[in-house]
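Q:
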Amino acid sequence: MSTERLRVLFLNLGHFTDHFCMLIFATAVITMAGEFHMSYGALLAVATPGFVLFGAAALGAGWLGDRWSRSHMLVVFFCGTGFAAVVVGMANSVTQIGIGLALLGLFAAIYHPVGIAMLVQGAPKLGLRLGVNGIFGNMGVAFAPLVTGALVAAFDWRMAFIVPGVVAIGLGLAFWWFAGQGYAVVPTGGKTRKEPVGFTFGWQRVLAVVAVMTLVGGLVFNSTTVALPKLFDERLSGIADNLVGFTAMAAVVYAGASFAQLASGMAIDRYAVKPVLLTTVALQVIMMPIVATQTDWPLFAASFVMMLAVFGQIPITDALITRYTPDAVRGRVFSIKYILNLGVGSLAVPSIWYMHEQAGGFHDLFLMLTGCAAVVLVAAAILPYRRHGAEAVAAE
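So that you can map any letter, position 5 of the sequence shown is 8 in this note's numbering, and since no number is skipped, the others follow by simple counting.
1. For L239, name the three-state secondary structure that DSSP assigns.
2. Smallest Cα separation from P116: which of G143, A105, S338, Y357?
3. Excluding five sequence neighbours on each side, which residues of the same chain lie with their C-beta closer than 7 Å to the C-beta of L154?
4. Entirely within the stretch 16-74 and at least 4 residues each: give me those alpha helix (DSSP H) ranges in chain order.
5. Tell me the rounded alpha-carbon separation between H22 and P387.
6. Rounded to whole angstroms, what's the CA-CA distance from S226 to A295? Just pull it up for me.
7. Shortest alpha-carbon distance to K233 belongs to which of A214, A253, L218?
8. Restricting to Cα atoms, I'd like to know which of V79, V284, R273 is closest to G374.
9. Could you round the C-beta distance between G143 and H18 to whole angstroms and report it? I think they count as a contact, below 8 Å.
10. If you compare alpha carbons, which of A59, K128, T20 is closest to L270?
11. Should G363 be labelled buried (16 or more other beta-carbon atoms within 10 Å of its own) or exposed?
12. Please list the terminal residues of the continuous alpha helix (DSSP H) segment that includes Y114.
13. For T328, name the three-state secondary structure that DSSP assigns.
14. Can you confirm whether the stretch 106-123 touches the stretch 57-75 when touching is taken to mean that 3 or more C-beta pairs between the two stretches lie within less than 8 Å?
15. Can you tell me the Cα-Cα spacing of F146 and I324, whole angstroms?
16. Given V379, which residues of its chain have a CB within under 7 Å of its CB, disregarding the five upstream and five downstream residues?
17. By how many angstroms is the C-alpha of M121 removed from the C-alpha of F66?
18. Would you check if there are 3 or more beta carbon pairs closer than 8 Å linking the stretch 36-55 to the stretch 348-359?
19. Going by DSSP in three states, F202 sits in which element: helix, strand or coil?
20. According to the neighbour-count rule (16 or more other Cβ atoms, all chains shown, within 10 Å of its Cβ), is S306 buried or exposed?
21. Whole angstroms are fine: how far does the CA of G173 sit from the CA of F81?
22. Rounded to whole angstroms, what is the Cα-Cα separation between W179 and T84?
23. Terminal residues of the continuous alpha helix (DSSP H) containing A182?
24. Alpha carbon to alpha carbon, what distance is there between A258 and I27?
25. Where does G2 land, buried or exposed, given buried means 16+ other C-beta within 10 angstroms?
26. For a test of the three-state rule: what should DSSP assign to A230, helix, strand or coil?
27. From G168 to N245, what does the alpha carbon distance come to, in whole angstroms?
28. Thinking just about the alpha-carbon of each residue, which of I138, E237, K340 is nearest to the one in L302?
29. Consult DSSP for D321 and reduce its assignment to one of helix, strand or coil.
30. What separation, rounded to the nearest whole angstrom, lies between the Cα atoms of L131 and M358?
31. For the alpha helix (DSSP H) that contains F262, what are its first and last residues?
32. Within 10 angstroms of its Cβ, does F235 collect 16 or more other Cβ (buried), or is it exposed?
33. Could you spell out the range, first to last residue, of the alpha helix (DSSP H) harbouring L106?
34. For A383, is the classification buried or exposed, using 16 other Cβ atoms within 10 angstroms of its Cβ as the cut-off for buried?
35. Taking just the CA atoms, how far does A322 sit from L222?
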C-alpha cells in the first residue's frame, strides 16, 4: 500500500472513530439509566455539554490545524478521544460521566475541520473520496450501537467505553509514528485535482446556502442518529425484544444507508450538485412523517430510506466548500461549518429528551424534523446550477 493510500486510510479510520465514540452513550444510556436511578431522557441530557463542545470547539481546532499542524492535531484527536472514552468508562457518578463526555466532545471536535481539510487536499476525484470517507464515518455510526450492545451484554457499560478508547489511543500512536516519518504530507505531481488559488466566483451565495443547510441539517443528523436505537427499542417489539436485537437492527440501517454517501459522492463528480442535493433532501421530507407513525417492519423500512437520504446529503456540502474555497483558509471554513452543524446539532439531545418525556414522544420529534428538512429543501433550491467542471475558476 502506498503512503498516500495509507494516509487516506488513517483519515477514514479517524472519521469512523469520531462518530463511533460520540454515539457509544446513545446506546449505553439505555442500560445505564437503571444503574443511576434516572430516566432515559434525564441521563441522556448529561451528554448535552459534550455535544455542544463537539461543535463549539471546531473553530479552534481548525485554526490550530491551519496555523500549527494538521497532522499533529490528528494525533491529539485520536489520543484525546480515546482518553476521554476511558474516563467515562471509569466514572462512578453522573457528574464524572458528564465531565468525561464533555472531554469526549472536545477532542472529537478536532476531526471534521482538520481531517476533512487533509482529506480533500489534491484529491483527483473529490466526490468519490468524500463518499468513501463518509461511509467510514457512518460505519462508525452503524457499529456504535452494535458493538456497544454486544460489550454491554458480554461485560458491562464501562467496557463499552474503555475498549474503543484503548483502540483509539493505539491508532493515535500509529499515526504519530506515520507522520513522524514524513508520510502524512500530500504527494506532489501525479493525478491531483487543481486547487483554486482564491475564492471561486459565486462563493458568497453558495456559502450562505451551505450555512443555512448546515444549521438545520446538524439537528436532523444528530437527532436521527441519537434517537434511532431508543425508537427501535420502543417500536420494534414485534421483531426484536432485547438490547442486542434492536441495536443490531439499528446497525443494519446505519451500515446499509452509509453507502448513500458513496453514491452521492460519485454523482456530484459527474453531475451538477443542485439536482443531487434536491433529491436527497426531498426524500427526507417524504420519509420522516412515515417514520413518525409506523412500527415493526414498516418502521424499519422507512427508517432505512430516511437514513439513506440523511447520509447521502453529507458529502455534498463538503464538496461545495472544497470547490469554492482555497486550501489556505479551508480548515477554518470547515471549522465554521462544523460549529454551525454540530453546535445546533447539540440541541438534538435536549430536543429528544423534551419530545420523549414532555411532549408527544418520537411522533412529534420526527414531525419537527420534517419541518427542518423542508427548510433545507428551500435553501438547496436557490443554489446555482453549475457543473463541477465550471467551479474550478478562481474569483478575480
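Virtual Cβ for every residue (Gly too), placed ideally from N, Cα, C.
Since the structure is predicted, the reported quantities are computational estimates derived from the model, not experimental observations.
A: Taking the coordinates as given:
1. Three-state result, L239: coil.
2. Residue S338 is the option with its Cα nearest to P116.
3. If we look at L154 and ignore the five residues flanking it on each side, its Cβ neighbours are M162, A163, V166.
4. Listed in chain order, the alpha helix (DSSP H) runs fully inside the stretch 16-74 are 27-38, 43-47, 51-59, 61-70, counting runs of at least 4 residues.
5. Cα to Cα, the separation comes out at about 31 Å.
6. In this structure, the alpha-carbon of S226 lies about 13 Å from that of A295.
7. Of A214, A253, L218, the residue nearest in Cα terms is A253.
8. Ranked by how close their Cα comes to the Cα of G374, the residues V79, V284, R273 have V284 in first place.
9. Right, the Cβ-Cβ distance comes to about 7 Å (below 8 Å), so this counts as a contact.
10. Reading off the sequence shown, one finds Ala at residue 270, where the question assumed Leu. The candidate whose alpha carbon is nearest that of A270 is K128.
11. With fewer than 16 other CB atoms across the displayed protein chains lying within 10 angstroms of its CB, G363 is exposed.
12. Boundaries of the alpha helix (DSSP H) around Y114: 114-123.
13. DSSP places T328 in the coil class of the three-state scheme, outside both helix and strand.
14. Between the stretch 57-75 and the stretch 106-123, the count of Cβ pairs shorter than 8 Å is three or higher; the stretches touch.
15. When rounded, the distance between both Cα atoms is 28 Å.
16. Around V379: M216, V219, G220, V284.
17. The amino acid occupying residue 66 in the given sequence is Trp; Phe does not appear at that position. So the two alpha carbons sit approximately 13 Å from each other.
18. Counting Cβ pairs under 8 Å, three or more are found: they touch.
19. Note on F202: pLDDT 49, under 50, position unreliable in the model; the coordinate value appears next. Taken through DSSP and simplified to helix, strand or coil, F202 comes out as coil.
20. Buried: at least 16 other Cβ atoms inside 10 Å.
21. Rounded to whole angstroms, F81 to G173 spans 8 Å at the Cα level.
22. Approximately 15 Å between the Cα atoms of the pair.
23. Segment 160-183, the alpha helix (DSSP H) holding A182.
24. Cα to Cα, I27 sits roughly 16 Å from A258.
25. Lying before the first or after the last residue shown, residue 2 is absent from the chain, which here runs from 4 to 399.
26. Here A230 sits in helix by DSSP.
27. Taking the straight line from one Cα to the other gives about 26 Å.
28. Of the residues I138, E237, K340, the one whose Cα lies closest to the Cα of L302 is E237.
29. DSSP places D321 in helix when its eight states are reduced to three.
30. Note on geometry: alpha-carbon atoms of L131 and M358 lie some 37 Å from one another.
31. For F262, no alpha helix (DSSP H) segment is defined, and its DSSP state is neither H nor E.
32. Classification for F235: buried.
33. For L106, the uninterrupted alpha helix (DSSP H) run begins and ends at 97-111, by DSSP.
34. Residue environment analysis places A383 among the buried positions, since at least 16 neighbouring C-beta atoms fall within 10 angstroms of its C-beta.
35. Those two C-alpha atoms are separated by around 20 Å.
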